[in-house]
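Structure, as structure tokens:
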Amino acid sequence: MGPSGVFSAHVIVGTFIAEKRHFAPGVFPNITSTGKWRDVGHYSQVVWPETQELGCAVGRNDTNEFWVCRYWPAGNKYGVDLKPAQQSEIAR
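First residue of the sequence shown? That's 15 in our numbering, and the numbers climb one at a time after it.
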């Protein structure tokens, strides 16, 4: 959620990629230097080996925007080893 008209899909996905700074290779959900996988949850989904599509939609009211993004197929599956060698080109 944020002020209306401030964000674009490019900015939103850029924030996902910026989560890389907290990423640590490992077995999901132990993939973060902060100890909280939600700090890298968008990034890990973008680089998830099976992720093929990302779609986002935005809803607006007079003052705010609400972004919802979905990945296909879904990732961030418990017990799966996520290593840098598996990262997609967009997230390097």
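Idealized CB from N, CA, C, for every residue including glycine.
Whose C-alpha, out of the options, is nearest the C-alpha of residue i?
i	options	result
E64	F80, D76, F42, A88	A88
R52	F30, A71, I26	F30
K97	W62, I26, T48	W62
K91	A32, V27, N44, E67	N44
D95	I26, A32, W86, Q59	Q59
Which same chain residues, not among the five before or five after residue i, have their C-beta less than 6 Å away from its C-beta?
i	result
H24	none
R84	G69
For a test of the three-state rule: what should DSSP assign to residue i, helix, strand or coil?
i	result
A99	Its pLDDT being 47, under 50, A99 is placed unreliably by the model, and the measurement read from it follows with that caveat. In this structure, A99 counts as helix in the three-state DSSP scheme.
A88	coil
H67	In the sequence as displayed, the identity of residue 67 is Glu instead of His. If DSSP states are grouped into helix, strand and coil, E67 belongs with the strands.
W81	strand
T46	strand
G28	helix
G93	coil
Would you mind sorting residue i into buried or exposed? The rule is 16 or more other CB atoms within 10 Å of its CB.
i	result
V41	exposed
P39	exposed
V82	exposed
For residue i, collect the residues of the same chain with a Cβ closer than 8 Å to its Cβ; drop the 5 residues on either side in sequence, then sort them by chain order.
i	result
A99	Its pLDDT being 47, under 50, A99 is placed unreliably by the model, and the measurement read from it follows with that caveat. None.
G93	V41, F42
T46	H36, F37, A38, D53, V54
I26	C70, W81, C83
Excluding sequence positions up to five away, which residues of its chain have a Cβ less than 7 Å from the Cβ of residue i?
i	result
W86	Q66, E67
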